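Protein chains in written order, with this note's numbering: chain U, 1 to 334; chain A, 335 to 668.
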């Protein structure tokens with residue numbers, strides 16, 4: 001695993017599994033907040049903030065979806081790193097389809113934004129990064145918190161009156177986002193990066209127990225929190241949409257495909273076909289990234305054929321109560 | 335890859351892929367024949383021959399199935415190697431469930447049988463091995479040929495009058511066994527051991543094109559050659575039964591599971607439930623072998639959860655013309 005130590009880049013600097021062979025994800029380092037309050041340290045303003053993302057990364061993908069759903073494309077600019085991540089970490093190579101240069105700082109490597117924000121930074125260099133162009137620093141690199149800020153603090157600059165954290169649902173959304181994190185969102189990584197049979201067995205069992213549970217839950221309700229589309233669905237989506245093509249084979253989450261689930265599969269298609277979700281899925285970045293970036297898991301770096309699920313197939317979930325925000329239909333996305 | 339060179343064991347002695355990154359399977363070395371003719375060099379006799387097999391190996395598995403179908407258990411003895419194969423090659427470790435010691439020679443390693451048969455032997459050490467206890471040598475180690483000998487030459491010592499190479503079907507059986515070998519039986523290995531994206535793409539495309547073709551063929555006929563169970567079904571079975579649990583994930587043959595095929599999946603269950611097929615499937619040997627023996631493919635040597643297909647589910651293939659030999663029902667196997 002590569003990381004920065006006191007602002008210096010080190011390849012292979014630390015092991016990411018604990019003594020029992022379980023994958024141990026480091027906490028994100030920058031935890032400031034953008035606020036709707038104009039007097040705040042980081043006030044929500046159009047044109048001030050920038051997102052560094054990878055289309056491959058499920059955590060960064062969350063922020064892209066919320067940005068699209070609320071119509072924050074003009075307010076918050078984006079740079080997209082190369083899905084192939086080698087010893088130098090995430091980097092900008094704008095000649096690859098879907099990738100961009102660093103529009104803000106002109107850096108070659110994402111790690112330079114971390115050092116620019118904190119010259120002594122020690123830790124992993126991850127996406128998403130929410131960058132403040134005015135103060136020239138990282139506001140936050142924790143996807144759950146960036147997702148929440150975009151959702152709740154940028155109302156004045158958003159094109160669409162959409163909230164994914166609606167009154168009356170907030171406790172439930174918080175609980176769901178928390179509940180699905182360890183067994184599902186992080187669970188696929190714990191399964192794939194397990195170094196021992198016991199660690200693998202624990203992770204894969206928790207993963208499918210949780211998927212079974214939410215498959216049952218979604219038999220009678222359209223979304224995780226009920227009849228409203230929320231951040232919990234965004235958090236679930238970015239894992240599910242990668243599952244059959246990547247996690248199933250690459251991370252050996254292979255009890256079954258998502259497309260074999262009675263309710264999770266139509267639920268996934270429903271989300272995919274909702275404006276803001278499918279448009280942000282760049283599957284070639286996803287498959288290239290995983291299969292070529294983890295030689296400890298897939299040493300040959302070959303991208304497999306994969307099952308190619310038909311995300312556009314009819315889902316019939318509109319027979320259940322609720323639906324996506326009407327604004328999404330009225331003001332379709334670019 | 336480990337092999338014998340002039341009778342000496344060498345670990346990592348040669349590369350098994352060609353310059354284009356394609357897996358190149360070495361031809362089997364011992365190609366003599368047992369014959370029904372009592373004056374032949376190797377005449378078919380009860381008690382004279384011995385099979386060295388691994389339950390993990392699809393090639394060895396073919397010979398075990400034919401031995402069971404014809405009722406050759408008393409006539410031809412068997413030793414079973416450890417599914418875990420490391421730098422010493424196939425070995426005997428009788429303390430593991432389903433494994434045996436070397437009942438004939440008392441060897442620790444299978445390679446010793448090769449050197450006993452040919453003190454200067456150069457090549458890979460593989461299963462199955464058909465051993466002649468009288469002349470103390472290897473008769474043949476090519477599964478297609480051993481399968482054929484057991485099927486056609488041991489009629490006088492077989493308990494059951496079953497043939498898998500019936501008159502009127504022979505050309506078709508020969509053609510089928512040949513046709514499925516490269517894209518399917520060997521195709522899963524060519525897919526999994528491909529060293530380049532191009533070699534992988536070629537192999538996986540040929541594999542699924544062939545599976546699609548036989549799925550269509552089996553819509554209207556019970557067996558590959560029509561209404562009769564033949565060696566072609568035995569050859570197809572040993573690949574299909576390993577597919578979802580192993581080849582799909584381990585060898586990245588991941589366009590779909592066999593259990594997602596309309597006809598191949600009931601066909602596989604039909605065979606599995608035919609006496610002689612399911613009884614010879616030792617799935618724990620199969621999964622342990624593949625996932626722990628190829629660190630170049632699965633470096634963590636972790637056996638994944640897998641899909642656990644229900645081979646005992648009803649198959650409804652008896653609505654099609656034909657069926658297994660009546661003798662199989664009348665004289666069930668041990």
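No residue lacks a Cβ here, since even glycine has one placed at the ideal position from N, Cα and C. Treat the numbers as computed from the prediction; the structure is a model and nothing was measured.
| Check | Outcome |
| --- | --- |
| Which listed residue (U:31, U:41 and U:150) has its alpha carbon closest to that of residue 160 of chain U | U:150 |
| Exposure label - residue 244 of chain U; buried when at least 16 CB within 10 Å | buried |
| Residue interval of the beta strand (DSSP E) (run including residue 341 of chain U) | No answer is possible for residue 341 of chain U: it lies beyond the span of chain U, which begins at 1 and ends at 334. |
| From A:635, A:426, A:386 and A:583, residue whose alpha carbon lies closest to that of residue 523 of chain A | A:583 |
| Candidates A:398, A:417, A:443 and A:459, of which the one nearest residue 431 of chain A by Cα | A:417 |
| Reduced DSSP secondary structure (H/G/I, E/B, other) of residue 265 of chain U | helix |
| Neighbour list for residue 534 of chain A in chain U, Cβ cutoff strictly below 9 Å | 300, 302, 303, 304 and 305 |
| Straight-line gap, residue 614 of chain A to residue 621 of chain A (C-alpha atoms, nearest Å) | 15 Å |
| Residues near residue 382 of chain A in its chain [Cβ-Cβ closer than 8 Å; skip 5 each side] | 466, 467 and 468 |
| Residue 344 of chain A - DSSP class collapsed to helix/strand/coil | strand |
| Contact the region 267-286 of chain U vs the region 60-72 of chain U: 3+ CB pairs below 8 Å | yes |
| Proximal residues of chain U, C-beta to C-beta of residue 588 of chain A below 8 Å | 248, 249, 304, 305, 306 and 307 |
| Residue from A:371, A:546 and A:412 whose Cα sits closest to the Cα of residue 669 of chain A | Residue 669 of chain A cannot be examined here, being either before or after the span of chain A that is shown, 335 to 668. |
| Backbone secondary structure at residue 47 of chain U - three-state DSSP | coil |
| Assigned exposure category for residue 638 of chain A - 16 Cβ within 10 Å defines buried | buried |
| Neighbour-count burial assignment, residue 31 of chain U, 16 or more Cβ in a 10 Å radius | exposed |
| Residue 334 of chain U versus residue 51 of chain U - alpha carbon distance | Confidence is the limiting factor: at residue 334 of chain U the pLDDT is only 49, short of 50, which leaves the residue's position unreliable, though a coordinate-based value still follows. Taking the straight line joining both Cα atoms gives about 18 Å. |
| Span of the alpha helix (DSSP H) around residue 505 of chain A | 504-514 |
| Three-state class that DSSP yields for residue 668 of chain A in the structure shown | Interpretation of residue 668 of chain A is limited by its pLDDT of 49, a score under 50 that renders its predicted location unreliable; the figure taken from the coordinates is listed afterwards. Here residue 668 of chain A sits in coil by DSSP. |
| Chain-ordered chain U contacts of residue 528 of chain A [CB-CB under 9 Å] | 300 and 302 |
| Beta-carbon neighbours of residue 273 of chain U, restricted to chain A and to distances below 8 Å | Result: empty, since nearest Cβ-Cβ is about 23 Å, beyond 8 Å. |
| Identity of the residue in U:251, U:57 and U:210 nearest residue 125 of chain U by Cα | U:57 |
| Which of helix, strand or coil DSSP assigns to residue 239 of chain U | helix |
| Cβ of residue 543 of chain A within 9 Å of any chain U Cβ | no |
| Limits of the beta strand (DSSP E) - the one that residue 149 of chain U falls within | From DSSP, residue 149 of chain U is part of no beta strand (DSSP E) but of the alpha helix (DSSP H) over 143-153. |
| CB contact below 9 Å: residue 326 of chain U versus chain A | no |
| Beta carbon proximity, residue 353 of chain A to chain U, threshold 9 Å | no |
| Spatially closest choice to residue 605 of chain A from A:624, A:627, A:573 and A:589, by CA coordinates | A:573 |
| Neighbour flag for residue 24 of chain U against chain A, beta carbons, 9 Å | no |
| Rounded Cβ spacing between residue 207 of chain U and residue 253 of chain U (contact assumed at less than 8 Å) | 6 Å |
| Sequence-distant residues of its chain with Cβ nearer than 7 Å to residue 313 of chain U (five each side left out) | 269 |
| Residue 549 of chain A: contacting residues in chain U (beta-carbon distance under 8 Å) | Simply none; closest approach about 16 Å. |
| DSSP-derived helix/strand/coil call for residue 283 of chain U | helix |
| At least three beta-carbon pairs within less than 8 Å, the region 494-508 of chain A to the region 399-409 of chain A | yes |
| Beta carbon proximity, residue 416 of chain A to chain U, threshold 9 Å | no |
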